[in-house]
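Residues in the sequence shown are numbered consecutively from 36, following the numbering used here.
Even glycine gets a Cβ: it sits at the ideal position worked out from N, Cα and C.
This structure is a prediction, so every number in the text was calculated from the model and none was measured.
The structure appears below as structure tokens.
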Amino acid sequence: MKTNKETLKSSLDRRLSFLDDVPSCRGQLQYRIAQEEKPVMKKKVSFVVVCALMIVLLSAAALATGLLLSPRVSAAQAADKALRSVYGITEEMQTFFGREEEMLPDGTVRVTYTGAGDLSDVLGTYTVLVRNGKAEISWSHDGKDTAGGYDAEVWGIDQLKQMMADSLDAKSKQAFISRAKEIAEKHDSTAADESTDDAIENYGEWREAQKTAALNARILSEEEMIRIGKEFIISSYQLNEEQTERMELYTNSFPGDENSWYEMINEKPCFMVEYLLYGKQTVSMLENGESPERSTKDGYYKVYVNVTDGTIEEYEYNSALAGEG
36 MKTNKETLKS SLDRRLSFLD DVPSCRGQLQ YRIAQEEKPV MKKKVSFVVV CALMIVLLSA
96 AALATGLLLS PRVSAAQAAD KALRSVYGIT EEMQTFFGRE EEMLPDGTVR VTYTGAGDLS
156 DVLGTYTVLV RNGKAEISWS HDGKDTAGGY DAEVWGIDQL KQMMADSLDA KSKQAFISRA
216 KEIAEKHDST AADESTDDAI ENYGEWREAQ KTAALNARIL SEEEMIRIGK EFIISSYQLN
276 EEQTERMELY TNSFPGDENS WYEMINEKPC FMVEYLLYGK QTVSMLENGE SPERSTKDGY
336 YKVYVNVTDG TIEEYEYNSA LAGEG
């Protein structure tokens with residue numbers, strides 16, 4: 036008869052088969068089960084077991100719906116969880132950041148969240164390194180004083196919470212953005228615009244060629260890729276029935292070129308599935324210029340589905356409170 040430990044190891048071995056692309060991740064988890072280690076969580080450093088279990092749970096949810104996730108996507112999901120667990124920054128707050136993933140030579144995935152536009156100086160950059168089932172997270176402003184609201188030199192979770200509320204009013208939002216720009220100018224850290232007309236023109240030609248290449252590589256139907264994208268959104272963000280019913284497909288919602296919704300993502304041909312989630316706007320609200328009341332998880336969702344095998348290559352959720360979308 037198998038012991039509980041052996042049964043759990045066997046079960047995990049089957050569950051973790053999808054982690055074959057992440058070196059030593061399965062071994063790390065199974066070793067810790069065998070040693071009966073107690074998880075230790077250290078802020079800013081690594082919370083190994085917690086992160087590993089997050090990856091297991093996230094991937095288990097994906098497996099339940101038959102979804103395929105790229106290593107970048109798996110790492111980005113783990114990084115999102117780390118950002119929330121350690122610094123309290125929710126997915127809705129990520130509207131004030133730009134997220135990027137980079138595969139390093141040793142298999143590590145570096146995920147960065149940098150303040151968007153004029154907010155880059157005050158918000159700084161959060162960096163998460165996901166490697167072998169471990170996540171290490173740090174902030175470029177770690178150790179600095181964030182007290183003082185918008186008058187502080189650096190802004191952390193308290194300011195982000197206030198920004199979420201102030202973004203519902205146009206004047207209040209513009210006020211904190213202007214304040215952030217003033218602080219950046221004082222630090223002489225505003226970014227210069229070095230773009231040229233030639234560069235813009237060349238980029239347009241290059242992007243058009245990329246979009247056409249992605250379209251020409253298509254094997255799956257657009258209907259199938261839309262289904263995959265929707266399933267990813269619902270399972271990843273745990274949307275309830277009411278939220279799911281309010282999802283509105285934006286992809287192909289207006290006339291355009293045949294390649295309009297196709298992109299090359301990390302050299303992989305993809306189809307972009309975009310859904311909007313907002314409250315219903317009545318006729319009287321339209322006549323009075325009123326916006327629908329916001330609900331949790333409102334915003335827009337983008338999922339880039341590989342056109343050849345349905346793998347999720349990239350995703351984005353934006354609550355649109357920063358004015359994007």
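| message | Looking at the secondary structure, which residues open and close the alpha helix (DSSP H) in which Pro304 lies? | response | Within the sequence shown, residue 304 is the residue found at index 269, counting from 1. No alpha helix (DSSP H) holds Pro304; the beta strand (DSSP E) holding it covers Lys303 to Leu312.
| Among all the DSSP beta bridges, which residues are the ones paired with Trp190? | Sequence index remark: in the sequence shown, residue 190 carries index 155 (1-based). Here Trp190 is not bridged, per DSSP, to any residue.
| Same chain, Cβ closer than 8 angstroms to Ala219, neighbours up to 5 away in sequence not counted | Residue numbering aside, residue 219 sits at position 184 when the sequence shown is read from its first letter. Here the set comprises Asp153, Ser155, Asp156, Val157 and Thr225.
| query | Terminal residues of the continuous beta strand (DSSP E) containing Leu104? | reply | What you label residue 104 is simply residue 69 of the sequence shown in a count that begins at 1. Counting along the chain, Leu104 sits inside no beta strand (DSSP E), nor does DSSP assign it H or E at all.
| message | Distance check for Ala244 and Glu126, CA to CA, integer angstroms please. | response | Taking the sequence shown and counting its residues from 1, one reaches residue 126 at position 91. Taking the sequence shown and counting its residues from 1, one reaches residue 244 at position 209. C-alpha separation (whole angstroms): 33 angstroms.
| request: Ignore the nearest five residues each way along the sequence and tell me which others in Phe211's own chain have a CB closer than 7 angstroms to its CB. | output: Locating residue 211 in the sequence shown gives position 176, where the first residue counts as 1. Excluding residues within five positions, the ones whose Cβ falls inside 7 angstroms are Tyr185, Met198 and Asp201.
| request: Within the same chain, show all residues whose beta-carbon is closer than 7 angstroms to that of Tyr193, passing over the 5 residues directly before and after it, in chain order. | output: Taking the first residue of the sequence shown as position 1, residue 193 is located at position 158. Looking at the sequence itself, residue 193 is Asp, so the reference to Tyr does not match. Answer for Asp193: Thr181, listed in chain order.
| message | If you measure between the beta carbons of Gly142 and Arg166, is that distance less than 8 angstroms? | response | On the sequence shown, residue 142 is found 107 positions in, with the first residue counted as 1. On the sequence shown, residue 166 is found 131 positions in, with the first residue counted as 1. Cβ atoms of Gly142 and Arg166: closer than 8 angstroms.
| field | Cα-Cα separation, Ser105 to Ala355 | value | Residue numbering aside, residue 105 sits at position 70 when the sequence shown is read from its first letter. Residue numbering aside, residue 355 sits at position 320 when the sequence shown is read from its first letter. So the two alpha carbons sit approximately 26 angstroms from each other.
| request: Measure from the C-beta of Val121 to each C-beta in chain E and report whether the shortest distance is under 8 angstroms. | output: No chain E appears in the structure shown, which is made up of a single protein chain.
| query | Any chance the region 282-299 sits against the region 129-137, with 3 or more Cβ pairs inside 8 angstroms? | reply | no
| said: When you compare the CB positions of Glu135 and Arg107, do they come within less than 8 angstroms of one another, or not? | reply: Numbered from 1 along the sequence shown, position 100 holds the residue referred to as residue 135. Numbered from 1 along the sequence shown, position 72 holds the residue referred to as residue 107. Not a contact, by the Cβ cut-off of 8 angstroms.
| request: Look up Val340 in the DSSP assignment and say whether it is helix, strand or coil. | output: For the purposes of this step, residue 340 is identified with residue 305 of the sequence shown, where counting begins at 1. In the structure shown, Val340 sits in a strand (DSSP, three-state: E or B).
| field | Delimiting residues of the alpha helix (DSSP H) encompassing Met260 | value | Mapped onto the sequence shown, residue 260 falls at position 225. Met260 -> alpha helix (DSSP H) spans Glu257 to Ser271.
| field | Rounded C-alpha distance that separates Lys265 from Gly239 | value | To locate residue 265, count along the sequence shown from 1; it is residue 230. To locate residue 239, count along the sequence shown from 1; it is residue 204. Distance between the alpha carbons of Lys265 and Gly239: 29 angstroms.
| Gly314 to Thr286 span [Cα, whole Å] | In the sequence shown, the residue the question calls residue 314 occupies position 279. In the sequence shown, the residue the question calls residue 286 occupies position 251. Roughly 19 angstroms between the two C-alpha positions.
| The beta strand (DSSP E) enclosing Thr160, as first and last residue numbers | Against the sequence shown, residue 160 aligns to sequence position 125. Thr160 -> beta strand (DSSP E) spans Thr160 to Arg166.
| query | By DSSP, does Glu328 sit in helix, in strand, or in coil? | reply | Numbered from 1 along the sequence shown, position 293 holds the residue referred to as residue 328. Of the three classes helix, strand and coil, the one that applies to Glu328 here is coil, per DSSP.
| How about Tyr350 and Ile300: do their beta carbons lie closer than 8 angstroms? | If you number the sequence shown from 1, residue 350 lands on position 315. If you number the sequence shown from 1, residue 300 lands on position 265. Not in contact: Tyr350 and Ile300 (Cβ atoms no closer than 8 angstroms).
| field | Terminal residues of the beta strand (DSSP E) in which Lys179 lies | value | Indexing the sequence shown from 1 puts residue 179 at position 144. Note, Lys179: premise wrong, no beta strand (DSSP E); not H, not E.
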